[in-house]
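Have a look at the structure below before the remarks.
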Amino acid sequence: MKEAESISDLEDPSEEELQQMKSEYEKMKKQQQEIESLQKFQFFKKSLVDLSRFVIRDTAQTITGTKTYTQPIVANSFIKTDGTQNQILLTNGGTSDIDDFLPKHYPHAMEQMIIEPDNDIRNQGLRIMKNNANWDSFVLTGCNNDPTNRDGVWKIRSTSSQFRIQKQEDDAYDYKGLVIDFDCTSLKFNNQVIAPLPTPPIENAIKSTIAYSMYESLIWGSFMTYNGRAYISLQKTHNNPNTQTQSAYTFFSVFKDEAKPQFTGTPFTIPLNAVMFAQKVIGYPICWNGAIPIDCYIDVDGHVRINTLCQLVLPDLFCVQVCDQYVLHNQSAN
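See below:
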């Protein structure tokens, strides 16, 4: 009886409250319909998602479609399927054999270069140019990784005056090695003529090598060059009633350039052994007494001078013997 009384105590909602409840219901129903609509057509609905169709960073995948990138692609390496280590990957996606190319720098490899000339003479042969008319062009063989290490390096060189093959360490000496002159008329090895064969020395050939004044006369001797040296052994007399000199005196001169001393760097004078005789023995053309050691040298121009240091008062009649040798090609200290 009491329960019936408690239920009967509830009041019916007012018209306004009923309308409000109806409005809330309609709103909840609309939201439920929207949710059901999204679940029906949603792309990422769990039952339709296939991860194999997406690019995932930490999974090895094979992409069969074509991808176009507008920005640079940076990677540690690019590997072509079925590619080999003897192929080069081209920008159009193809490949080409390494043998079809001649790289500018290919370390630790043996290469062969084939030159296929066409009708244009500028494309025939291997041409090594020089960027200045008077500069050299050359090829070095047997080089080391260290460019300052010249050990075992050979230099094939073309200059404005000769073609030369020599050790690179000797490139400061233009007479060392195998040399062909500019006119291609002679071949030398270490300054010794190989072709054409030199003319054998003839009697009195010294007279065509040295020159002297009217007051000097050659008594005996020889002057010759051999294996990069000049050898002098001669006696000359001087006879001038008006000598009157106490300074350097040019006794004779070497006028052939190949017999003159040459220098790499600053030239200097080369001393020679000489003895002066001031007393002639009557009746013996080559016999003199009164030997006096005297200074003597030859300069870069081939002039042989005496009395530069001694400063003796030279007599009207005297004789000088010069017996010595000198190197034709010299390296200056500086």
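Numbering of the sequence shown is given in UniProt numbering, commencing with residue 1 and proceeding in unit increments.
The C-beta atom is built at its ideal place from N, Cα and C for all residues, glycine as well.
Because the structure is a prediction, the values reported are computed rather than measured.
- Looking at the DSSP output, Y231 shares a beta bridge with M224 and Q325.
- With respect to A274, V320 sits close: the two C-beta atoms are nearer than 7 angstroms.
- Under DSSP, L187 takes part in a beta bridge, and its partners are I180 and A195.
- Our two residues, D181 and F189, have alpha carbons roughly 11 angstroms apart in a direct line.
- Taking the C-beta atoms as reference points, Q162 is found nearer than 7 angstroms to V179.
- For D97, the pairing in a beta bridge is given by DSSP as Q87.
- With a threshold of 16 other beta carbon atoms within 10 Å, G152 falls short and is exposed.
- Taking a 10 Å sphere around the C-beta of P261, we find 16 or more other C-beta atoms and assign the residue as buried.
- Along the length of the stretch 267 to 291, whole beta strand (DSSP E) runs at least 3 residues long occupy 274 to 280, reported in chain order.
- In the DSSP assignment, R305 forms a beta bridge with T250 and Y297.
- Ranked by Cα distance from W220, the options I232, I165, M214 and R305 are led by I232.
- When secondary structure is reduced to three states using DSSP, K167 falls in the strand class.
- For L218, same chain residues with a beta-carbon under 6 angstroms away, outside a window of 5 residues either side, are K236 in chain order.
- In this structure, the alpha-carbon of Q246 lies about 30 angstroms from that of L328.
- For G177, the closest C-alpha among the options N227, S222 and P147 is that of N227.
- Only buried fits Q166, as 16 or more other CB atoms lie within 10 angstroms of its CB.
- Using a 10 angstroms sphere on the CB of I282, the tally of other CB atoms stays under 16, which defines it as exposed.
- The DSSP-derived three-state label of E11 is coil.
- DSSP places K260 in the coil class of the three-state scheme, outside both helix and strand.
- With contacts defined by Cβ atoms closer than 7 angstroms, A259 and A230 form a contacting pair.
- The DSSP-derived three-state label of R57 is coil.
- No residue range can be given for K130, since it is assigned to no beta strand (DSSP E) and is classified by DSSP as neither H nor E.
- V254 and T225 have their C-alpha atoms some 12 angstroms from each other.
- L314 carries a strand assignment under DSSP once its states are collapsed to helix, strand and coil.
- Listed as beta-bridge partners of R150 by DSSP are no residues whatsoever.
- Rounded to whole angstroms, the separation of the alpha carbons of T266 and L317 is 36 angstroms.
- Rounded to whole angstroms, the gap between the alpha carbons of T308 and S158 is 42 angstroms.
- The beta-carbon distance between S332 and F268, rounded to whole angstroms, is 7 angstroms. This is short enough to meet the 8 angstroms contact definition.
- The bridge partners DSSP lists for N330 are F263.
- Taking the Cα of V313 as reference, the smallest distance to any Cα among M276, D174, D146 and G302 is reached at M276.
- When DSSP states are grouped into helix, strand and coil, S160 belongs to the coil group.
- By the criterion of a C-beta distance shorter than 6 angstroms, R164 is surrounded in its chain by R157, G177 and V179, once the five residues flanking it on both sides are discounted.
- In this structure, R305 is the residue among R305, N144, C310 and M28 with its C-alpha nearest to the C-alpha of Y212.
- Distances from the CA of P315 to each of N239, V193, C296 and K30 were compared; the closest alpha carbon is that of N239.
- Contact between T81 and Q87 does not hold, since the beta-carbon distance rounds to 12 angstroms and is not under 8 angstroms.
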